[in-house]
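Enquirer: First the structure, which I've put down as structure tokens, then a few questions once you've had a look.
Numbering (this note's numbering), first residue to last: 1 to 243.
Below, the structure is given as structure tokens:
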């Protein structure tokens, strides 16, 4: 009884012959290796396919869009001022400061309790935090330490405009207003101002602090955030009100 041979095309038979001719000869392959391939046909098939068959073209995957931490709110004009931050928690002071933290005192207040030179007219930019974050990613999105930096007089100028917690650019609803300012030693610090219990609380911490800011807070800088460049017609930051 005869068994019919598979009906292979001529080109395929020639291909098989070519494979056999190129197979390793005795002396080029040892018995153990040869028998190992014989007993592992699936692996042999896969290796031959990897060598002989065209590999599928990988479909490019579109990279996920970068989800920005900051949402541009607008610009904040800072007028020329000779005002300096003064430690004054008296009830009748123009800027009602109810609390100044130890870190801020240690890092920013020198012997006469005031630092930094007067400033000329400046423009800051205000950004709203869209999600919880520590300071590092925020600073990166602003373009780095240098571009995120503001000054104490600029911060105090905004506090003067809302000295009694009036509505204005600074949040007065218990959320943080965040600035990145260099202390008297030249180290960039996170300075935050919060209206709480009838007065401004002012404190600072290291930019490497594990403290996470909650979404809804505000960040001030002199430059627009990376990927969030505002146009020349960018609006002024709207006044914030107690909610």
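Every residue gets a Cβ at the ideal spot worked out from N, C-alpha and C, and that includes glycine.
Nothing here was measured: the structure is a model prediction, and the numbers come from that model.
#1: Can you grab the Cα-Cα spacing for the pair residue 33 / residue 9, in whole Å?
#2: Can you look up residue 230 in the DSSP assignment and give me helix, strand or coil?
#3: With a threshold of 16 other CB atoms inside 10 Å of the CB of residue 106, please say whether the residue is buried or exposed.
#4: Straight-line CA distance for residue 229 to residue 196?
#5: Output the distance between the C-alpha atoms of residue 155 and residue 122, rounded to the nearest integer angstrom.
#6: Compare the C-alpha of residue 19 against each of 94, 74, 43 and 52 and name the closest.
#7: Assess, as a yes-or-no matter, whether the stretch 179-194 is touched by the stretch 126-133 under the definition of 3 or more beta carbon pairs within less than 8 Å.
#8: Can the beta-carbon of residue 158 be found less than 9 Å from the beta-carbon of residue 220?
#9: Using the C-alpha atoms, what's the distance from residue 141 back to residue 22?
#10: Could you pull the DSSP bridge partners for residue 193 from this structure?
Expert: Taking the geometry as given:
#1: Using only the alpha carbons, I get a separation of about 31 Å.
#2: With a pLDDT of 49 at residue 230, under the threshold of 50, the predicted position of this residue should be treated as unreliable, and no value is reported.
#3: Taking every protein chain shown into account, the CB of residue 106 has fewer than 16 other CB atoms within 10 angstroms, so this residue is exposed.
#4: Annotation note: pLDDT 47 at residue 229 (below 50); position unreliable, no value reported.
#5: Answer to the nearest angstrom: the Cα atoms are 11 Å apart.
#6: Comparing Cα positions, the closest option is 52.
#7: No: fewer than three Cβ pairs fall under 8 Å.
#8: Between residue 158 and residue 220, the C-beta spacing is below 9 Å.
#9: For residue 22 and residue 141, the distance between alpha carbons rounds to 59 Å.
#10: In DSSP, residue 193 forms a bridge with 177 and 202.
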